[in-house]
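Q: Residue numbers for the sequence shown follow the numbering used here, so the first one is 69 and each next one is one higher. Where is the CB? At the ideal position from N, CA and C, for every residue including glycine. Dropping a structure here in structure tokens format, bear with me for questions.
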Amino acid sequence: MKLALIGCGRVAKHYRAMLADPLLNDVRVVGVADADAAKRDEFAKHFAAVATSSVGECIEKSNPDLVVIATPSGLHAEHTRVALEHDRHVLAEKPAAMLPSEIRSLDVLAKQRKRMYGVAFQNRLNPAVQLLRSCVAENRFGAVTSLSVRLRWSREQSYYDDGWHGTWKMDGGVINQQAIHHVDVLQWLFGPITEVSAMIGNRLNRLEAEDTLVATLRTAAGALGTLEATTAARPRDYEASLTVTAEGGVARVGGIALNLVDEFDFVAARADDAQRARESSIQVPTGYGLSHGPLLREIADRLKSNRTDAPVNAIDSVHTCEVIHALYRSHEEHGWVTVGEGTQSARLGKGNS
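What follows is the structure, encoded as structure tokens:
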């Protein structure tokens, strides 16, 4: 599979390291694009790839099968549209776009062009998360009582001083840039989330949006939940966890990237529960985890089979985008709001107002 990497920043460095894995020995970067000449030239040299400043030119000169969108979040929709209009398959880093309407519009275009349009919610592929998914499928939890997501990561001020991180128009805060992964896993496993009430604030960092959010939520099935997310933990990343308490048992996936099964206790216990929990726990070096590789592997295999359904189709993540908007809208209105197409933040994807 030939790949074009659009954007040569923070997450692109993770892709560069990941692509050295033998798992992806048939995936070749043929083009890179970035507005920063030094960054794109560095990546082009590493991959022996074409380097350009524009998405369209990169596609035309390198002829990739898949275009990975790893530019600032506020540019994801624009760059995805260019790639789809060039009849290329797309994997967009999260968020797929800043607005739910953009995701829906791009999904229509992808279907018209018969192209894959996926989003990198790679944590869905984590072994620990897949274990929970199997338990949901087997109805081992029964009625879910409560859910809890906790993200305690560290981002220093320098992270927000790059001109786009933490801005309303191009990024949002911790909930749209970091904890969106964990909100996505919660709603994918136990959602949809239907109501939220949130507060946001800046505790240690200077940015337009928030470095800290706390919220309560309700799912369609009636489960109650809490969400706590911050990039103001110091001096390092400490936790990214999801806990489910239910009539059938309690499970907690934690570590720094939903990578460890910390609790796995059921009323109707099975002989292999402890073994499954151990085998589903992996060590990871950073909050990115290790599932980008399996995600790309699966995409490459599907494209070989002429499939255009992504492991995580962007349209399947639109509800996650709606939850993020609802959380911000709740803070803006100082109360509970309903999650849905009609609930949108006054600032996210638009700018500070």
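1. By the 10 Å Cβ neighbour count, where 16 or more other Cβ atoms means buried, how is residue 78 classified, buried or exposed?
2. Are the Cβ atoms of residue 242 and residue 294 separated by less than 8 Å?
3. Would you check if the stretch 371-388 and the stretch 236-256 touch, i.e. whether three or more CB-CB distances between them fall below 8 Å?
4. At 3 residues or longer, and completely inside the stretch 220-302: list those beta strand (DSSP E) runs for me, N to C.
5. Report the partner residues of residue 74 according to the DSSP bridge assignment.
6. Locate the alpha helix (DSSP H) running through residue 172, then write down its first and last residues.
7. Would you give the residue range spanned by the alpha helix (DSSP H) that residue 313 belongs to?
8. Tell me the rounded alpha-carbon separation between residue 181 and residue 123.
9. Extract the residue ranges of the alpha helix (DSSP H) inside the stretch 352-379, only unbroken runs of 4 or more that lie entirely within it.
10. Does DSSP put residue 401 in a helix, a strand or coil?
11. Taking only the alpha-carbon atoms, compute the straight-line gap between residue 375 and residue 402 and give it to the nearest angstrom.
12. Taking the DSSP output, what are the residues bridged to residue 334?
13. Tell me, please, whether the stretch 411-420 touches the stretch 298-316 by the rule of three or more beta-carbon pairs shorter than 8 Å.
14. Starting from residue 145, follow the beta strand (DSSP E) in both directions and report where the run begins and ends.
15. Which residue's Cα is closest to the Cα of residue 392: 167, 126, 141 and 329?
16. Which residues bound the beta strand (DSSP E) around residue 199?
17. Skipping 5 residues on each side, what residues in its chain have a beta carbon closer than 8 Å to that of residue 352?
18. Spell out a yes or no on whether the stretch 182-202 and the stretch 101-110 are touching, meaning 3 or more CB-CB pairs, one atom from each, closer than 8 Å.
19. Less than 8 Å between the CB atoms is what I'm expecting for residue 185 and residue 174, so what's the real figure, rounded?
20. Which residues mark the beginning and the end of the alpha helix (DSSP H) in which residue 345 is found?
21. Taking the alpha carbon of residue 98 as the reference point, which residue from 120, 91, 82 and 81 has its own alpha carbon closest?
22. Smallest Cα separation from residue 256: which of 383, 409 and 160?
23. Expressed to the nearest angstrom, what Euclidean distance is found between the alpha-carbon atoms of residue 219 and residue 188?
24. Report buried or exposed for residue 183, applying the criterion of at least 16 other Cβ atoms within 10 angstroms of its Cβ.
25. Give a yes or no on whether the C-beta atoms belonging to residue 277 and residue 236 are separated by under 8 Å.
26. Answer with buried or exposed for residue 338, where buried requires no fewer than 16 other C-beta atoms within 10 angstroms of its C-beta.
27. Indicate the three-state DSSP secondary structure (helix, strand or coil) for residue 218 in the structure shown.
28. Which residue or residues does DSSP assign as beta-bridge partners of residue 186?
29. For my contact list, residue 75 and residue 94 are in at a C-beta cut-off of 8 Å; report their separation, rounded to the angstrom.
30. Looking at residue 321 and residue 309, is the spacing between their C-beta atoms short of 8 Å?
31. When the Cα of residue 90 is compared with those of 364, 378 and 143, which residue comes out closest?
32. Apart from the five residues just before and just after residue 170, which ones in its own chain have a Cβ nearer than 6 Å to its Cβ?
33. How should residue 207 be labelled, buried or exposed, when 16 other C-beta atoms within 10 angstroms of its C-beta is the threshold for buried?
34. Under a Cβ-count criterion, where at least 16 other Cβ atoms within 10 Å of its own Cβ denotes burial, should residue 224 be classed as buried or exposed?
A: On the basis of the data shown:
1. Residue 78 should be labelled exposed.
2. No, Cβ-Cβ distance for residue 242 and residue 294 is not below 8 Å.
3. The stretch 236-256 makes contact with the stretch 371-388, as at least three CB pairs between them are under 8 Å.
4. Segments of the beta strand (DSSP E) lying fully in the stretch 220-302: 261-269, 280-287 and 292-298.
5. Its beta-bridge partners are 101 and 137.
6. Residue 172 -> alpha helix (DSSP H) spans 168-181.
7. Where residue 313 is concerned, there is no enclosing alpha helix (DSSP H), although the beta strand (DSSP E) around it starts and stops at 307-314.
8. C-alpha separation (whole angstroms): 18 Å.
9. As far as the stretch 352-379 is concerned, its whole alpha helix (DSSP H) runs of at least 4 residues are 360-372.
10. Looking at residue 401 - three-state DSSP - the assignment turns out to be helix.
11. In this structure, the CA atom of residue 375 is about 45 Å from the CA atom of residue 402.
12. Paired residue(s): 317.
13. Of all C-beta pairs linking the stretch 411-420 to the stretch 298-316, fewer than three are shorter than 8 Å, placing the two stretches out of contact.
14. Looking at the DSSP string, residue 145 is not in any beta strand (DSSP E); the run it does join, the alpha helix (DSSP H), is 144-153.
15. It is 167.
16. Run containing residue 199: none in the beta strand (DSSP E); it sits in the alpha helix (DSSP H), 195-205.
17. Same-chain partners within the cutoff: 323, 324, 325, 327 and 358.
18. Segments in contact, no.
19. Contact between residue 185 and residue 174 holds: their C-beta atoms lie close to 6 Å from each other, under 8 Å.
20. Residue 345 -> alpha helix (DSSP H) spans 341-347.
21. Selected option, being the one with the closest Cα: 120.
22. Per the Cα distances, 383.
23. Using only the alpha carbons, I get a separation of about 19 Å.
24. For residue 183, the number of other beta carbons within 10 angstroms of its own is at least 16, and it is reported as buried.
25. Result yes, Cβ atoms of residue 277 and residue 236 sit closer than 8 Å.
26. The C-beta of residue 338 has fewer than 16 other C-beta atoms within 10 Å across all chains shown, which makes the residue exposed.
27. DSSP places residue 218 in strand when its eight states are reduced to three.
28. Residue 186 is bridged to 159 and 381.
29. Actually they do not touch by this definition, with Cβ atoms about 23 Å apart.
30. At the C-beta level, residue 309 and residue 321 come within 8 Å of one another.
31. Checked all of 364, 378 and 143; the closest Cα to residue 90 is 364.
32. 145, listed in sequence order.
33. Counting Cβ neighbours within 10 Å, residue 207 comes out exposed, since fewer than 16 surround it.
34. Around the beta carbon of residue 224, fewer than 16 other beta carbons lie within 10 angstroms, which makes this residue exposed.
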